[in-house]
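Notes to accompany the following structure.
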Amino acid sequence: MIFKAVRDGKPYPDHGLSLREWARIPPRQVRLDQLVTTKRELALDRLLAEDSTFYGDLFPHVVEFDGALYLEDGLHRALRAALQQRTTMHVRVLIHEPASDDAEAPPVSA
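Encoded structure:
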């Protein structure tokens with residue numbers, strides 16, 4: 489198995505990060521089999537293109553949410569890594585905490 493799971497869509501709320509903000513997150517290595525994809529389909533021509541990593545961030549974007557690592561951007565790069573027999577890759581990981589219900593609850597008076 490290449491990925492932990494394949495989904496269609498993101499289970500987390502929008503984080504609103506720009507490419508510049510993503511670039512501030514240092515890359516780290518993760519195992520491909522720990523990633524959950526957020527896209528079910530890919531374009532074969534993009535996978536096979538020689539310059540497919542020329543535009544955009546060099547590192548795929550992963551969102552850590554509710555204990556799982558979601559591959560938000562970089563499915564083609566991850567699959568290319570798997571086809572090259574690699575089990576890990578460097579990615580930028582954003583830790584996205586679920587909204588706390590406690591923050592919106594009114595204080596309890598004694």
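Each residue of the sequence shown is one higher than the one before, starting from 489 at the first, in our numbering.
Here a beta-carbon is modelled for each residue, glycine too, at the ideal position from N, C-alpha and C.
Just so you know, these numbers come straight off a predicted model, no measurement behind them.
According to DSSP, residue i sits in a beta bridge with which residue or residues?
i, result
"residue 573", "DSSP lists no partner for residue 573."
"residue 583", "552"
"residue 599", "Not covered by the structure: residue 599. The range shown for the chain is 489 to 598."
"residue 493", "524"
Comparing C-alpha positions only, which one of the options sits nearest to residue i?
i, options, result
"residue 495", "574, 523 and 547", "523"
"residue 520", "503, 574 and 585", "574"
"residue 530", "582, 583 and 567", "567"
"residue 499", "554, 562 and 578", "554"
"residue 582", "490, 497 and 515", "515"
"residue 489", "517, 571, 506 and 526", "571"
"residue 507", "501, 491, 546 and 492", "546"
With DSSP as the reference, label residue i as helix, strand or coil.
i, result
"residue 512", "coil"
"residue 567", "helix"
"residue 533", "helix"
"residue 505", "coil"
"residue 558", "strand"
"residue 546", "coil"
"residue 500", "coil"
Are the C-beta atoms of residue i and some chain C residue less than 7 Å apart?
i, result
"residue 577", "Absent from the structure is chain C; it holds one protein chain and no more."
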